[in-house]
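Residue numbers (the numbering used here): 164 to 666.
Please read the structure below before turning to the comments.
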Ligand code: HEM
């Protein structure tokens, strides 16, 4: 059909108008500066500035130099680091319609972790998955997991009593076994459990690979097309191993539940209820597998527990004060329970301080903006990787004096009651806030209360000298204290008996 003269005029005017709008946007964008940041180098930008070791410490130092919002760029990847609670709340919460997406992290797909809700794009698939998981982990739903949590904590107390030197293995194992029991109705073997070991290895590879500086392919995504024998693409071999472990992590526990459901022996669990509630299609099956494996994100609980064991060993005064408080409530006749929580303000303060002092995910999980935005006069470009530096917020000296010191009293009023600072920053922000935070909190709080109720901590002694503890942490997205030695013993004979009788 031929255009009339009038149609030509309309089309020309429309193109002219669109051109004006676009050039206005470009002009606006070029006038608005990026936030300050380290000066880029020729061609490679800030590639060498992205730290691999303890990135949160470098980013916190950047705050002193460049402020609360820092910008860096390497090979096309734009990174914004938010170093203050205000900036994070302003963007991730007040403008959550723009800031709830996740950046494209090349390693996510290469490692086979597309299914995990925490790394999905802000789209309908994420909405559907998040809604389902929310039903299973919201505050009142999480109450259902308490009996399993308490019984696994009792097993932990017994394991420490029997074999105190391996306390790290015991609390990590407990964390994983709570997930396996609640998510799959699966009782894990005391050690060398295939489900737990597979998941652990896959998560370790994944969380070590997620930061911008952790693997070159995160900055240069086309490297993923290189075969593994090409120098610089060693990550392909690691990825192959991770994909195999991840596939097993998705399939094996799911098949275990399905088999037991067919035999009529399945223990009720998150996965058995999802199977019952959904239509039996291949698509649903894959989604349920992904939801099950997403729950492995809960292993960050172990990092918080590692911090608690570290603080308990290095702060005997804190333990003594907590124990006096617990004894006054339990009368040394029973273990503390969730009903005692409001009567134990100092134990609560320890929980808050454990989460603040060494946040398990010091850089949170990166968000991205779905459109260009301007904040405090700076351009936040669409698609930039935006990291919340939870470490910097939790160590802000204007809010927490002597932030590097473990001091639970900072959460108490002079009268000894709790103050109103009850936000746990390390669970993240906005629409992507941690789904499992209520379940995580129950496990961590009850472990702290029960372990302190029955055990004393001190430094391990070798040749008459205390064995020093470095107190250093791993560099990954989920950061764990480097293994250390300590001495753990029951506080008294009566309490030893209480541990042996606990169930
Ligand atoms: C100490 C323990 C935990 C910590 C520190 C933690 C921390 C976090 C953080 C920082 C985020 C990202 C928030 C953001 O984007 O701003 C997150 C997301 C998430 N967490 Fe946790 N988490 C913990 C335990 C758990 C547990 C027990 C589960 C069990 C289901 C869980 C499931 C999830 C899921 C599914 C997401 C993704 C949410 C989304 O992207 O929509 N987490 N968590």
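For every residue, glycine included, the Cβ atom is placed at its ideal position computed from N, Cα and C.
All values reported here derive from a predicted model rather than from experimental measurement.
*Would you kindly report the start and end of the unbroken alpha helix (DSSP H) that includes residue 556?*
Run containing residue 556: 553-557, per the alpha helix (DSSP H) assignment.
*Of the listed residues 344, 609, 515 and 224, nearest to residue 455 (C-alpha basis)*: Selected option, being the one with the closest Cα: 344.
*Give the single residue among 650, 468 and 581 whose Cα lies nearest to the Cα of residue 619.*
When each option's Cα is compared against that of residue 619, the closest is 650.
*Taking the C-alpha atoms as reference points, what is the distance between residue 607 and residue 551?*
If I take the Cα positions, the gap works out to 23 angstroms.
_residue 451: first and last residue of the uninterrupted alpha helix (DSSP H) it sits in_ = 445-457 is the extent of the alpha helix (DSSP H) around residue 451.
_Beta-carbon contacts of residue 292 that lie in its chain and below 8 angstroms, excluding the five residues immediately before and after_ = Counting only Cβ-Cβ distances below 8 angstroms, and skipping sequence neighbours, we find 280, 283, 450, 453, 454 and 457.
*asked:* Taking 8 angstroms as the threshold (C-beta atoms), are residue 540 and residue 256 in contact?
replied: Their beta carbons are not under 8 angstroms apart, which means residue 256 does not touch residue 540 by this criterion.
*asked:* Following a CB-centred definition, is residue 673 positioned closer than 7 angstroms to any heavy atom of the ligand HEM?
replied: This structure does not reach residue 673, given that the chain is present from 164 up to 666, and the question cannot be answered.
*Taking the DSSP output, what are the residues bridged to residue 622?*
Partner(s): 649.
*asked:* Using only CA atoms, which one of 557, 584 and 270 lies nearest to residue 406?
replied: Ranking 557, 584 and 270 by Cα distance to residue 406 puts 270 first.
_Exposure label - residue 585; buried when at least 16 CB within 10 Å_ = Residue 585 should be labelled exposed.
*How big is the Cα-Cα spacing for residue 462 and residue 338?*
The straight-line gap from Cα to Cα measures roughly 6 angstroms.
*CB-CB under 7 angstroms to residue 366, same chain, minus the five flanking residues each way: which ones, in chain order?*
Close CB contacts of residue 366 within its chain, under the 7 angstroms cut and outside five residues either way in sequence, are with 459 and 462 (chain order).
*Please confirm if the segment 195-209 is in contact with the segment 226-244, defined as three or more CB-CB distances below 8 angstroms between the two stretches.*
In this structure the segment 195-209 touches the segment 226-244; the number of beta carbon pairs closer than 8 angstroms is three or more.
_residue 226: first and last residue of the uninterrupted alpha helix (DSSP H) it sits in_ = Start and end: 218-229.
*Could you tell me the distance, in whole angstroms, from the CA atom of residue 590 to the CA atom of residue 469?*
Between residue 590 and residue 469, the C-alpha separation is close to 17 angstroms.
*C-alpha distance - residue 442 paired with residue 401, whole-angstrom precision*: Rounded to the nearest angstrom, the two C-alpha atoms are 36 angstroms apart.
*What's the call for residue 209, buried or exposed, on a 16-neighbour Cβ count within 10 Å?*
Residue 209 should be labelled buried.
*Assuming residue 317 and residue 665 form a contact by the criterion Cβ under 8 angstroms, report the distance between their Cβ atoms to the nearest whole angstrom.*
Right, the Cβ-Cβ distance comes to about 4 angstroms (below 8 angstroms), so this counts as a contact.
*Among residues of its own chain, excluding the 5 on either side of residue 304, which ones have a beta-carbon nearer than 6 angstroms to its beta-carbon?*
Once the five neighbours on either side are set aside, residue 304 has no close Cβ partner at all.
_Measuring only from the beta carbon, is residue 592 closer than 7 angstroms to any heavy atom that is part of the ligand HEM?_
Residue 592: yes, Cβ under 7 angstroms from the ligand HEM.
*Where residue 518 sits in the DSSP three-state scheme*: Note: residue 518 maps to helix in three-state DSSP.
*Should residue 511 be labelled buried (16 or more other beta-carbon atoms within 10 Å of its own) or exposed?*
Label assigned to residue 511: buried.
*According to DSSP, residues forming a beta bridge with residue 550*: According to DSSP, residue 550 bridges with 244.
*residue 338 in three-state terms, based on DSSP*: The answer is helix: DSSP assigns residue 338 an H, G or I state.
*Is there contact here, the segment 632-640 with the segment 295-315, by at least three beta-carbon pairs under 8 angstroms?*
Touching, no.
_Using CA atoms only, rank isn't needed, just tell me which of 424, 464 and 445 is closest to residue 435._
Closest by C-alpha distance to residue 435, out of 424, 464 and 445, is 424.
*asked:* Nearer than 7 angstroms: is that true of the beta carbon of residue 530 relative to any heavy atom of the ligand HEM?
replied: A heavy atom of the ligand HEM is found nearer than 7 angstroms to the CB of residue 530.
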